[in-house]
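Asks:
Residue numbers (full-length UniProt numbering): 1 to 145.
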């Protein structure tokens, strides 16, 4: 299940991408918020007044922010702070397309970003600590916002 595409942030059920039936990778479900994991995460996020939401993804080395002009004005500044707090290496910053964090923007949520780390999924557990060591600065910077 691709939880990112389960959220009602424009793509809904994958926007025609990926497999049309359950698969170990890129399956987005039959519609937005149809899977228990996505429903639980959406309900949890809506039930709390978070100052910042950082959606963590397993592919790429990028941080996305904003979507359709619905983001609060401070989102770009916060995302640039997160990008510069990254421990080593490159990290591109892009305006976001639909996905987990952007679903929150569409429903009036606060600032946030969607961060991608790692390589092609599913990632092996052996990549957990190397990715964590490169990205802990982003999480700590998020706590300071």
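Even glycine gets a Cβ: it sits at the ideal position worked out from N, Cα and C.
Here the structure is a predicted model, which is why all the values come from computation and not from measurement.
(1) What residue does the alpha helix (DSSP H) around residue 53 start on, and which one ends it?
(2) Count the other CB atoms, across all protein chains shown, that sit within 10 Å of the CB of residue 24; report buried if there are 16 or more and exposed otherwise.
(3) Specify, as a first and last residue, the run of the alpha helix (DSSP H) that residue 45 falls within.
(4) Smallest Cα separation from residue 8: which of 144, 127, 21 and 43?
(5) Quick check on residue 108: buried or exposed, where buried means 16 or more other Cβ atoms within 10 Å of its Cβ?
(6) Please report the distance separating the alpha-carbon of residue 144 from that of residue 29.
(7) In this structure, what does DSSP give as the bridge partners for residue 131?
(8) On a Cα-Cα basis, can you pick out the residue from 125, 37, 126 and 47 that is closest to residue 4?
(9) Can you tell me whether residue 120 is buried or exposed, with buried defined as 16 or more other CB within 10 angstroms of its CB?
Replies: According to the structure shown:
(1) Looking at the DSSP string, residue 53 is not in any alpha helix (DSSP H); the run it does join, the beta strand (DSSP E), is 53-57.
(2) exposed
(3) Per DSSP, residue 45 is one residue of the alpha helix (DSSP H) stretching across 36-47.
(4) Cα-wise, what sits closest to residue 8 is 43.
(5) Model confidence at residue 108 stands at a pLDDT of 49, short of 50, so the residue's coordinates are unreliable; what they give is reported in the following sentence. Exposed: under 16 other Cβ atoms inside 10 Å.
(6) 35 Å
(7) Per DSSP, residue 131 has no beta-bridge partner at all.
(8) 37
(9) exposed
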